[in-house]
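Have a look at the structure below, then the notes.
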Amino acid sequence: MLAQVSGRIISMSPVIGNVSRIMTRSLYRCIEARQSWDHIFPLIDETVLDELSFWRSNIRSLNVRKLCQYEVPIVVFSDASSYACGAYCKSKEGDVFHKMWTGVESRMSSTWREAKAIEFFLDHFKDSFSGKTVKCFTDSKCCISVISIGSSKVHLQRISLAIFEICRQKSITLDMQWIPRSLNTQADELSKVFDFDDWGVSVQFFKFIDSIHGPHTVDRFADSNNTKLPIFCSKFFTSGTSGVDAFSMNLGGHNNWLVPPIYLASKVIKHCVASSAEDVFRLGRWKSLASEENATLKRLSTSLPKVLMNSKAANTSKMYNTGFKQWCKWCNDLGLTALPASDYHVSLYLIALMQSDASSSKLDLCAHSIKWAHELAGMKNPCDTFLVKNVLEGAKRMVSKPTMKKEPITPDILLKLVKKYGLDANLYDKRSITMCLVAYSGFLRFSELINIRACDIEFHDLYVSLFIEKSKTDQYREGNWVLISKINSPAFAFTF
């Protein structure tokens with residue numbers, strides 16, 4: 001009976017796919033252990049029972065396959081070395097994964113490491129891959145076999161099942177492809193990146209410091225192996241990370257656990273100082289919020305920043321907040337007051353941006369950001385003075401690039417085309433020339449020109465009528481007639 005069930009499952013592989021082989025490994029291992037075909041033995045192996053339970057629960061949902069199904073896949077390249085693994089997503093620039101092996105993992109077989117690298121990568125990016133097709137390239141044929149059809153070796157079968165479970169939960173279609181090592185150079189380089197700064201303090205030391213200065217909320221320099229907190233930032237994308245590159249984030253609002261590489265210690269201190277000065281609601285009159293003594297007023301005042309941030313669209317507030325943070329950092333470096341600001345200092349800031357090759361839109365954003373922060377605080381806007389307005393206008397003129405307008409088509413150009421191609425040319429060239437002449441004479445867009453049919457053309461003694469069924473300016477889709485007069489010139493569409 002067990003052999004019959006297994007055989008029927010395998011026979012449905014054209015519809016079910018590779019899962020028919022992955023989820024029958026234990027069944028066939030049990031069948032191979034038989035003494036004869038009629039041998040009866042108790043089913044006590046948990047893996048066999050798990051596979052039978054899986055098919056009982058999922059056979060109906062898996063027994064479906066679309067005949068015509070194609071979507072552009074997400075392309076991934078993966079590789080593993082003896083001390084690290086790496087993968088990158090070619091379809092999404094910036095999606096790079098890297099992980100150092102532990103001592104135990106580094107001693108595993110190369111096939112295990114290659115397959116485990118793909119499991120780690122899929123687990124980290126499973127949300128962004130949800131419902132999509134992922135084409136994964138690797139230079140290990142054994143790895144492809146393990147992931148596609150499973151393995152008789154228990155430790156490899158566990159990885160195969162883990163990958164299958166990730167794909168099943170997130171509706172990911174995984175397509176494994178082999179490529180030679182010479183074509184997998186980028187993933188190979190990632191897997192050979194040795195992170196010499198992959199170290200951390202002991203758990204006992206962290207608990208001791210956390211008991212004095214905690215509780216800490218975010219571990220800013222960590223990875224999945226040495227993080228001391230559930231929320232952490234890492235150097236590369238790794239499983240569970242909340243972000244990459246702590247220096248690109250505002251450290252304000254958190255009690256950060258900071259154990260950076262030694263050579264970054266001074267940079268971390270400067271970033272902490274800048275982050276503490278960047279919050280718009282920690283400057284000027286907002287400092288009084290923290291010193292409010294009345295309990296009711298203090299409770300209400302804590303909601304004030306959130307309500308004010310919702311006065312504009314979320315993306316607008318975020319954009320202005322980023323611009324204001326840059327202004328605060330500049331003021332902090334020079335020992336200036338960011339809020340309230342003087343028009344003189346704002347003017348100098350705009351000049352500094354101009355000299356650093358900032359674009360015209362960047363200058364506008366910075367001025368609007370400073371204005372936004374002052375209006376939130378109920379203060380006089382320094383950007384309203386003639387000094388700032390004139391400096392802003394002058395800076396924008398100096399950084400702006402002249403608009404390069406295209407040369408217009410003239411009758412002389414059309415006449416040259418007719419003389420060169422239109423008289424004795426083949427039918428294809430004559431058609432192209434006619435399209436140019438009709439578009440020029442009737443002021444037609446290309447979208448209007450290519451949709452003209454024979455029934456839309458009417459010839460008269462002194463003009464020709466073209467019916468334009470759809471036009472960009474025809475809001476009610478009523479259609480319009482375009483009249484082209486006869487002109488005694490070969491450079492026009494309708495001549496004597």
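Quick note on full-length UniProt numbering: the sequence shown kicks off at 1 and runs consecutively.
Every residue gets a Cβ at the ideal spot worked out from N, C-alpha and C, and that includes glycine.
When the Cα atoms are used, what is the spatial distance from W481 to N426?
-> 30 Å
Pick helix, strand or coil for M249, following the three-state DSSP scheme.
-> coil
Integer-rounded CB distance, given that T138 should sit under 8 Å from D79 | 7 Å
Are the beta-carbon atoms belonging to L363 and L392 less than 8 Å from one another?
-> yes
Return yes when the Cβ of D245 is within less than 8 Å of the Cβ of L229, no when it is not.
-> no
Could you tell me if L462 is buried or exposed, where buried requires 16 or more neighbouring beta carbons within 10 angstroms of its beta carbon?
-> exposed
Beta strand (DSSP E) runs contained entirely in the region 116-198, provided each spans 3 or more residues = 133-138, 173-178
Please say whether S81 and S191 have beta carbons closer to each other than 8 Å?
-> yes
Secondary structure at E278, three-state DSSP: helix, strand or coil?
-> Low confidence applies to E278: its pLDDT is 42, below 50, so where it sits in the model is not reliable, and the reading given next is rough at best. Correct three-state label for E278: coil.
Backbone CA spacing between F164 and R158 [nearest angstrom] = 10 Å
Whole runs of the beta strand (DSSP E) within the region 346-415, excluding any shorter than 3 residues | none
May I have the straight-line CA-CA distance separating S361 from F324, to the nearest angstrom?
-> 15 Å
In the structure shown, what three-state DSSP assignment does G471 receive?
-> It is Ser, not Gly, that sits at residue 471 in the sequence shown. The answer is coil: DSSP assigns S471 none of H, G, I, E or B.
Using the Cα positions of H368 and C272, report the straight-line distance between them to the nearest angstrom.
-> 26 Å
Which residue from V399, V146, E469 puts its Cα closest to that of L161?
-> V146
7 Å Cβ shell around E119 - same chain, five flanking residues per side excluded = I159, A162, I163
In whole angstroms, what separates the C-alpha of I231 from that of K401?
-> 45 Å
F206: CB within 7 Å of a non-hydrogen atom of the ligand COA | Among the ligands in the structure shown, none appear at all, so the ligand COA cannot be discussed.
Do three or more CB pairs link the region 367-384 to the region 317-336 at distances below 8 Å?
-> yes
Say whether the region 380-395 touches the region 343-356, bearing in mind that this needs 3 or more beta-carbon pairs closer than 8 Å, one atom from each stretch.
-> yes
Out of curiosity, what's the CA-to-CA distance linking E189 and A395?
-> 45 Å
Three-state secondary structure (DSSP) at I487?
-> coil
Do you know how far the Cα of N255 is from the Cα of A215?
-> Correcting the residue identity first, residue 215 is Pro in this sequence and not Ala. Approximately 7 Å, taken between the alpha carbons.
So what's S301 in DSSP terms, helix, strand or just coil?
-> helix
CB C142 to CB T111, shorter than 8 Å?
-> yes
Measure the alpha-carbon distance for K486 versus F443 and round it to whole angstroms.
-> 15 Å
Pick helix, strand or coil for Y476, following the three-state DSSP scheme.
-> coil
Which residues bound the alpha helix (DSSP H) around K325?
-> 314-334
W257 in three-state terms, based on DSSP | strand
7 Å CB neighbourhood of G86 in its chain, flanking five on each side removed | D79, F97, H98, A187, L190, S191, V193
In chain order, what residues of the same chain lie with their CB nearer than 6 Å to the CB of N176, ignoring the 5 residues before and after it?
-> Per the sequence presented here, residue 176 reads as Met, with Asn not at that position. Excluding positions up to five away in sequence, the list reads C136, I144, I147, S148.
Where L336 and S447 are concerned, what is the direct C-alpha to C-alpha distance, given to the nearest angstrom?
-> 57 Å
Selected residue, minimal CA-CA separation from W330, among S317, E105, L348 | L348
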